[in-house]
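Below: one structure, written as structure tokens.
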Amino acid sequence: MEAFSKKDIIHIAASDFHTAFLTSEGEIYTTGSNESGQLGTNLAENSFFPEPVAALDTQIIIHVDCGQGHTVAVTDAGALASWGAAEFGQLGQREAVDVLTVAHPRILKGSRELHFVRVACGSSHTLALTGSGSVYSFGQGVFGALGHGNTESCSTPVLIDGLWGFGVVQIACGENHSLALSVDGQVFSWGWGKYGQLGHGSSNNEHNPLQVKALADQMIIQIVGGGDHTLALNNEKQVLAWGRGHWGQTGLGTLSDVHTPTQVHLPEGELVIQASAGVRHSVVFTESGKIFGWGDGEQGQLGREKVQVSPFLISDANMNGLTASYIVAGGEHTFIVFQPCIKSSQDSMISEERLFSIQNGDLHGDGLRHVRVPELPSMLEGTGDNTKRLHSIGHAIEDIFSSIRFIVIAFKHQPSFWLNHMDTSNSSRKEYSDFGDHGLDVKSIRNVYQRILELRNPEILKKLGDSLIRLFMSIEKHMQNVPHSRWIRALLIGLQCPFVGEKGIGDMVSTRIFSVFSKLTFLDGRKITFWLSTYPRDIFGGRFVRGVLRYLSNRKEFTRSGSIPHDVAAALKTLWYLYEANKMEPHLLYSEFYSKEISESVDLLEEYLKWSHAKYDKDLNTLVSFCQVPFILSPQAKSKILQVEAEMIKNQVVQASILQHLSGNLFAFPFLVLRVRRDHLIQDTLVQLNVERIDYLKPLKVIFEGEEGIDQGGVTKEFFQLLCRELFNVDYGMFTYEEETRNFWFNPNSMESEETFELVGIILGLGIYNNVILDVHLPLVVYKKVLNIKPLLHDLNDLQPQLGKSLQQLLDYEGDVEETFSLTFQVH
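Spelled out as structure tokens, the structure:
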């Protein structure tokens, strides 16, 4: 075309009666029918030659598409500009709701904040794709083409909830049906289905996006909407077609409609790299540089004036020494764009910031391809003070960290087809089995966060924080209505962010993440707990646990009107998952979970009373008291709670005894009184402890026979001190002493009965109950048994380290133990 002899056309959008051309400088030229003002020029009539859209001279356009009577463009700032027919709201301009046409381009209010990167136009409706993989729609809703679950029209961009979490990388429209391609290569369709153009095997309309299940086992890399037919290109460079076949536009050798995707066979097995479709014809561009077409050729759109039901060669793509770059099918016309004599990659005004589908810096035909998830690690290398590169990184951070699917794709262990390194396998769509590997590259996540921090750029840091806030607000909104596989891994990536626990924007990020944690279902909680247990100790403790504890330490109040504030409760639920994970795989000492601020600030008596009277479940779905999360309380706080509990129980038992005494029970005493002889201390104690269990709960009074004085606590403490010394004396025979660990252990050769050992346990319990510190040295495994926690082999190290080490070495020995050491053993 002579009009573009000095222009580099990188994208073309063609409808039935008008066409838009996008140059490498970000300019738009239009030509054709101007009946509804769809050209956006100063001309009132139709145009036979391309004219610039002067109203957009101050904007740099990165994408454009044409509907039957309207045009929509995307600016480099992510805003939408639209003009032309407005009867059904297809321009997305709320202020144009009562007008039929808008002759001059207008920027849609609020569209810039959504960061759009692509647009697709149907006959009278529009789809718009954000950099984070979300799809918005507006315009005529007849047949359900907007995907909002109804047939109502809409005059402003509205999010299509049915595509949430899939990470859409390409959108396309037929006349009255719509298409979306996810980052996992899945195709979704909705709208008019009369001719099978939705690919669901029926002629039904769909008001919500529905996956084309016939393509579930394929990796689709391009989707194309014709008038009433659809094309798809897979990663094996094969074209599939379905929909209306009256003019042979499916290329399947028939004039009948086809309701499911079917492969189009090209001569000699040609491999396709790009496809395009008009209203009643289709064209493809092959790897060898040839162009094939099929369908209606009445207007010469195929180079032949007749119907072609099967692919035939249109051009070998060489003309006057030039090589074809890409092809575009309009309503009833076709364009072949040849490589320009000048290179646009250096002089182009269109930045690569948001156009992640660009390959090797070539913008030509980019608008016809899917967008790619930017590879942040490589983008963050060697940025320096390059302002343009920093701007690009900022956009990439926004798009990845605000997208539920992109953020997971970006940090998966397995390379994805949608990243810059090509992997054409279907591995990116495989979900890991329950309680299997989370599949995330933990080191890559850490390195990316670290490099972002090292940029020391406040604007980029703010974009990271704002994006994560949007991400987790979106998850919280949708998590109950979609499978957890879409969003659950994003929790791990977010929790690893160094903002967690920090003040300022970090506080807001943390609040949103913890809020999602607090709403996990039982099964989701089990899965996330297992995954957390698999993290390295430095991240688990240094990033996860300490991050949550820092967040709690920054809280101004831990109770409000007698209840725990939602933000505190959510953080505690998150910490509980980490605590449970630590029990699965011990990374930290229990003391690492203590919260000094909570232990010292809250009213422990009030917390105990709430805990003892309220109904709650062990999974912390309702948090009414800090006593439900005892792992955060320091030993001093727990000791105070035990004292509070003991005093309350003592008071209740004393009052009950007094009432019984007043009722005539002369043997009801308010105290448990032990009269013992110093030289028969153990025997006297064991005999007198053969009482009712309820008596153990009474305040203890100790009297040494033959000694005067009232027990105000000192006598009791002396009693327990002497008693423990005798009980744990190895000469008494109940316990042995391990010199290596300085711990006592049960004497297997003791002559005492089990009842006697039980009474010893009661004695120790009485000491604790009466607030006496006992000088008792037992290994940790004893307390595990008290808590009904199954002991493990490593617990032996706490008692007999050498034996434990030797047994572990036998377990680790890879040779034949029986043959080498003449040993066989099992650990139960």
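Numbering (my numbering), first residue to last: 230 to 1057. Positions of the beta carbon are idealized from the N, C-alpha and C atoms, including for glycine.
Taking 7 Å as the cut-off, decide whether the C-beta atoms of Pro490 and Leu444 are in contact.
The answer is yes: Cβ separation under 7 Å.
Among the candidates Leu460, Ile722, Phe630, whose CA atom is the shortest distance from the CA of Val512?
For Val512, the nearest C-alpha among the options comes from Leu460.
Could you pull out every residue in the same chain whose Cβ sits closer than 7 Å to the Cβ of Thr788, ignoring the five residues on either side in sequence?
So the qualifying residues of the chain are Val831.
Mind pulling the beta strand (DSSP E) runs of 3 or more residues that sit fully within the stretch 497-541?
Counting only runs of 3 or more, we get 501-506, 510-515, 520-524.
Do three or more CB pairs link the stretch 793-809 to the stretch 858-868 at distances below 8 Å?
Touching, yes.
Roughly how many whole angstroms lie between the Cα atoms of Asn463 and Leu693?
Cα to Cα, Asn463 sits roughly 34 Å from Leu693.
Quick check on the burial criterion: 16 or more other C-beta atoms within 10 angstroms. Buried or exposed for Asn894?
Flag for Asn894 reads exposed.
Pro712: which of Asn783, Val557, Arg634 sits nearest, CA to CA?
Comparing Cα-Cα distances from Pro712 to each of Asn783, Val557, Arg634, the minimum goes to Arg634.
So does the stretch 305-322 actually touch the stretch 418-426, counting three or more Cβ pairs closer than 8 Å?
No: the two stretches stay apart, fewer than three of their Cβ pairs being nearer than 8 Å.
Could you tell me which residues DSSP puts in a beta bridge with Leu469?
Bridge partners of Leu469: Ala461, Gln492.
Buried or exposed for Tyr1079, please, with buried defined as at least 16 other CB atoms from any protein chain shown within 10 angstroms of its CB.
Residue coverage of the chain in this structure runs from 230 to 1057, which leaves residue 1079 outside it and unanswerable.
Taking buried to mean at least 16 other C-beta atoms within 10 Å of its own C-beta, is Met708 buried or exposed?
So Met708 ends up on the buried side.
In the DSSP assignment, what are the bridge partners of Ile1002?
The partner list for Ile1002 (beta bridge, DSSP) is empty, contrary to what the question assumes.
Give me the Cα-Cα distance between Phe345 and Ser841, rounded to the nearest whole angstrom.
Cα-Cα distance, rounded: 54 Å.
Assuming Gln950 contacts Asp1004 under a Cβ cut-off of 8 Å, what Cβ separation, rounded to an integer in Å, is found between them?
Yes, they are in contact, since the Cβ atoms of Gln950 and Asp1004 sit about 7 Å apart, within 8 Å.
Among Leu1016, Tyr961, His909, Asp294, which has the Cα closest to the Cα of Leu356?
It is Asp294.
Under 8 Å Cβ to Cβ from Pro765, same chain only, skipping five residues before and after it: list those, please.
For Pro765, where only same-chain residues beyond five positions count, the Cβ hits under 8 Å are Val671.
Cα separation between Tyr365 and Thr380?
If you take the alpha carbons of Tyr365 and Thr380, they lie about 15 Å apart.
Do Arg509 and Gly524 have their CB atoms nearer than 7 Å?
Contact flag set, yes.
What residues in its chain sit with their C-beta under 6 Å from that of Arg473, if we drop five residues either side in the sequence?
Result list for Arg473: Tyr424, Asp457, His458, Asp486, in chain order.
Using a Cβ-Cβ cutoff of less than 8 Å, which residues in the same chain neighbour Val468 once the five nearest sequence positions on both sides are dropped?
Hits under 8 Å: Leu460, Ala461, Leu462, Gly480, Gln492, Val493, Leu495, Val501, Ala504, Val513.
Counting along the chain, where does the beta strand (DSSP E) carrying Gln399 start and finish?
Gln399 -> beta strand (DSSP E) spans 397-402.
Let me check one thing: in DSSP terms, what residues is Ile622 bridge-paired to?
Partner(s): none; Ile622 has no beta bridge.
Rounded C-beta distance between Glu874 and Arg904? I'm assuming under 8 Å.
That belief does not hold up - the Cβ atoms of Glu874 and Arg904 are roughly 28 Å apart, past 8 Å.
In whole angstroms, give me the CA-to-CA distance for Leu392 and Ala553.
If you take the alpha carbons of Leu392 and Ala553, they lie about 35 Å apart.
Around the C-beta of Ser631, are 16 or more other C-beta atoms found within 10 angstroms, so that it is buried, or is it exposed?
Burial call: buried.
For Ile353, collect the residues of the same chain with a Cβ closer than 6 Å to its Cβ; drop the 5 residues on either side in sequence, then sort them by chain order.
Residue identity differs from the one stated: residue 353 is Ser in this sequence, not Ile. Phe317, Gln319, Gly368, Gln369.
Helix, strand or coil for Tyr1012? Go by DSSP, reduced to three states.
Three-state result, Tyr1012: helix.
Taking 7 Å as the threshold (C-beta atoms), are Phe567 and Val557 in contact?
No, the Cβ-Cβ distance between Val557 and Phe567 is not below 7 Å.
At least one CB of chain C closer than 7 Å to the CB of Tyr1042: is that the case?
Protein chain content of the structure displayed is limited to a single chain, and chain C is not contained in it.
What's the C-alpha gap between Ala332 and Val677?
One C-alpha to the other measures close to 46 Å.
What does DSSP give as the partner residue(s) for Lys641 in the beta ladder?
Lys641 is bridged to Leu669.
Can you tell which of Ile793, Leu720, Phe277 has its C-alpha closest to the C-alpha of Thr743?
As written in the sequence, residue 743 is Phe, which differs from the Thr given in the question. Considering only alpha carbons, the answer is Leu720.
Using the Cα positions of Val282 and Gly339, report the straight-line distance between them to the nearest angstrom.
Roughly 22 Å between the two C-alpha positions.
Pick helix, strand or coil for Lys235, following the three-state DSSP scheme.
Reduced to three states, the DSSP call for Lys235 is coil.
Based on Cα-Cα distance, which residue from Ile290, Val398, Met813 lies nearest to Gly362?
Selected option, being the one with the closest Cα: Val398.
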